[in-house]
Every structure is written in C-alpha cells, then in structure tokens.
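Read top to bottom, the protein sequences are chains A and B.
Residue 180 in this note's numbering sits at position 176 of the first sequence, and the numbers go up by one each step.
Residue 55 in this note's numbering sits at position 48 of the second sequence, and the numbers go up by one each step.
All C-beta atoms, glycine included, are put in the ideal place defined by N, C-alpha and C.
Written below as structure tokens is the structure these notes are about.
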Amino acid sequence: MTPFSRRAVVAVAVACLAAGCGGSGSADDGPAATETPGNRSPAAAGSPVSGPRPLARSVPVGLEIPSIAVDTPVVRLGLAQDRTVEVPPITADDPAGWYRYSPTPGRPGPSVILGHVTVGAHGDGVFRHLARLRRDDGITVRLENGTAAEFAVTSVRTVAKAAFPTEDVYGDTARPELRLITCGGPLEDGEYRDNVIVFAALRATAP
Amino acid sequence: MRRNVLSAAALACTAVLATAVPAFADGPSPVPDTTAAPTDSGEQAAETGPSPVPSDRGAAEATPAPAEDTDGVTVVPRGAPDTGDAPVAGQSDGDGLLIGGGAAAVLAAGGVAVFVVRRRASGA
C-alpha cells in the first residue's frame, strides 16, 4: 500500500468514527425527549383526583358553617391599593367576602373567603369563632347558579401575620379546596397579631 | 496510484453510506420505543384508576376555557389580610371588670361572714 492510499484509508476510518459519534449523540437525545411536559406523570399534572366532580364556575353568594352558627351572605373582594387583599366592610352583621381572583368554590384550586373576627364597636365579626372549627366539620357555600359546594375541614392553623403562609393559602391545588381566613391571637397595638386559616376540601356537591 | 485513489474514494463512499443508513433507520426504531413506554404506562395507570377523570380532562382540553375560568389564584395578594377591627375598649374589658368585681364582692362577703361567725363563737 502506498503512503497516499494509507492516508486515504485512515481518513475514511476517521470519517466513520466521527459519523458513529454523531449517531450515538442523537440516541442520547431520545431519553431527554421523554421528559417533555406531555409525558409527565398524571400525578404531576394533577389530573386524576378522587372526590366529587368539580362544579361549574359560579360566584358564591352564601356561606353556612353550622358548627359555629355562621349563615351569612358572601360579597366579592378584590385587591386594595397596596396590593393586599380587600376585606369585607366593618358593619354590624358583617358579611364574609370571596376573593375574586381565586377560583369559585367547587372549582379546582383554592377558593379564598375572608371574614372579620371582630368589627370594632359592632362587636363580634362573622368569623368570631372560626378557630373553634375541627377536622371534618362541614362548610357549605351556596353559589349564584343555585348549586352548592360542601367542604370538610382538613386543618385549622393559627399563624403569625409576619409569617403568613402565602403558598399554602394561594398555591395551586389539583382538587377543589376552600380557605377561610380571619384574624386571631393577641392584640398588639390595637391589631391582631395572627391569622386563623381554615383549610377545607370539597366533600360533596348539590344538586 | 490512480487505482489507489479510486479505491480510496469508493471506500469513502461506502463508509458514508454505511453510517447514513443506520441514521435513517434510527428514527423509527429505538427512540419512539423509549418514548412510547412511559406514555403507555401513563395511559394504563389512568385507565385503571377509579374515576374517568382523564377522559374528561381530554375533553376539557379540547374546548377552550373562558378567560375568567382559571382554576387557580390569578393574582396573589401581598402580605396577610387584616380581618379584624379591634373591639372598642370597654366592651370586653367591661365584661372582665364585671366578672372581677363580682368575684371580689363574693370574697368580701365571705370574709365578713367568717369574721362574724368566729366572733359569735368566741362569745365576744
């Protein structure tokens, strides 16, 4: 074999090796492609959830909590100018309020309803005894379209306002859930130190 | 010399073809198999699940949801809500004062009664 032909054979061999490396690189892309969102596990996508079927979207108009004798209309709340959540009006027989940037009760996600613990000179607020709720206590929300969502309490937490658990309260959930929020704890300089937060999950729907 | 060049060129063409053919064949065979496996298992898990939610989900995805039907908090408020206007001083304090005063009166009456009984018992 002449030097030229030897060089040619070496060049071909190098070309073959290079082509082989390229092929193995594309094969490595295969498993990576399986990690696309479409191939995520159902649990990660949050789809198959046991429990009652979610309700159609309809705004809440009434709230009943028999164990603490609450039966109140529900108003709509938005954001205050400082980007904190609006609260219901300070009145006698103050209503509860639904945060309108949260899902309507019975839809997947955390529906947020707020109420006062006390309303100044008017005395007790609609959520005066919210902290007395216990696990499995029932909460019924009446919706504008005539349907109702019944929730069961899963936990009641009293947390310092300075450490408000934003993600736990407003974070996405796969199933329909409810958050009831009021103030609690000791008064410090005329303001309550804590928030009482009731976490509940959809138990039944009607009709 | 010329024959060597020709044979080297032929060898090079063969090598290129030999590497190109597996590259073409690579597409349909191994990669889809590995990607198909998780999908199949996912579908299987969904089918054996207790409720027909996955099929409903597919239908929901087919129809575009209204803009306001978000299923999640679209705007997360800042900070903690202020859901308590402190009771006016005097209402609950008044209750406490009433209870405290009552208790003090009962104690005082009891003390007086004990004093009187002991004085009578001693015959003073």
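Partner residues in a beta bridge of A/Asp-141, as assigned by DSSP, do not exist. Any Cβ of chain B closer than 8 Å to the Cβ of A/Glu-148 would place that residue at the interface, and such an atom is absent.
At a cut-off of 8 Å between beta-carbon atoms, B/Arg-85 makes contact with chain A.
Closest in alpha carbon position to A/Phe-168, among A/Arg-197, A/Ala-210, A/Gly-142, is A/Arg-197. Shown here, A/Ala-100 sits in a strand according to DSSP, grouped into three states. Per the Cβ contact rule, the stretch 79 to 97 of chain A is not in contact with the stretch 143 to 162 of chain A (fewer than 3 Cβ pairs under 8 Å). In terms of beta-carbon proximity, A/Phe-155 stays away from the interface with chain B, with every pair separated by 8 Å or more. When C-alpha distances from A/Arg-161 are compared across A/Val-63, A/Ile-94, A/Ile-201, the shortest belongs to A/Ile-201. Counting along the chain, A/Asp-172 sits inside the alpha helix (DSSP H) bounded by residues 170 to 174. When the Cα atoms are used, A/Pro-64 and A/Leu-137 turn out to be separated by approximately 21 Å. Residue state for A/Val-130 is assigned as coil, using DSSP reduced to three classes. Linking A/Arg-139 to A/Ala-84 through their CA atoms gives a straight-line distance of about 32 Å. Here DSSP, grouped into helix, strand and coil, assigns A/Ala-156 to strand. The criterion of a C-beta distance shorter than 8 Å is satisfied by A/His-120 and A/Asp-98. Counting the other CB atoms within 10 Å of its CB gives A/Thr-95 a total below 16, which places it among the exposed residues. Each of A/Pro-112, A/Ala-152, A/Gly-129 was checked against the Cα of B/Pro-94, and the nearest Cα belongs to A/Gly-129. Residue nearest to A/Ala-156 within the set A/Gly-142, A/Ser-71, A/Gly-66 is A/Gly-142 (criterion: CA-CA distance). Judged by DSSP in its simplified three-state form, A/Ala-167 adopts helix. About 7 Å separates the CB atoms of A/Thr-209 and A/Arg-57; that is less than 8 Å, so the two are in contact.
Where B/Val-95 is concerned, there is no enclosing beta strand (DSSP E), because DSSP gives it neither an H nor an E. Not flagged as an interface residue toward chain B: A/Gly-110, since no C-beta distance is shorter than 8 Å. Annotated three-state conformation of A/Ile-72 is helix, per DSSP. The beta carbon of A/Thr-76 lies closer than 6 Å to those of Leu-67, Pro-99, Ala-100, Val-130 in the same chain, with the five residues before and after it left out. Taking a Cβ-Cβ threshold of 9 Å, none of the residues of chain A is close to B/Ala-128; the smallest such distance is about 49 Å. A distance of 8 Å or more separates the beta carbons of B/Val-82 and A/Thr-170. For the C-beta of A/Ile-185, the chain B residues within less than 7 Å are, from N- to C-terminus, Pro-88, Thr-90. Counting of Cβ neighbours within 10 angstroms places A/Gly-113 among the buried residues, the total reaching 16 or more.
For A/Pro-190, the closest Cβ of chain B is not nearer than 8 Å. In this structure, A/Val-116 sits near A/Ile-185, with a CB-CB distance shorter than 8 Å. Among the residues of chain B, those whose CB is under 7 Å from the CB of A/Ser-106 are Val-80, following chain order.
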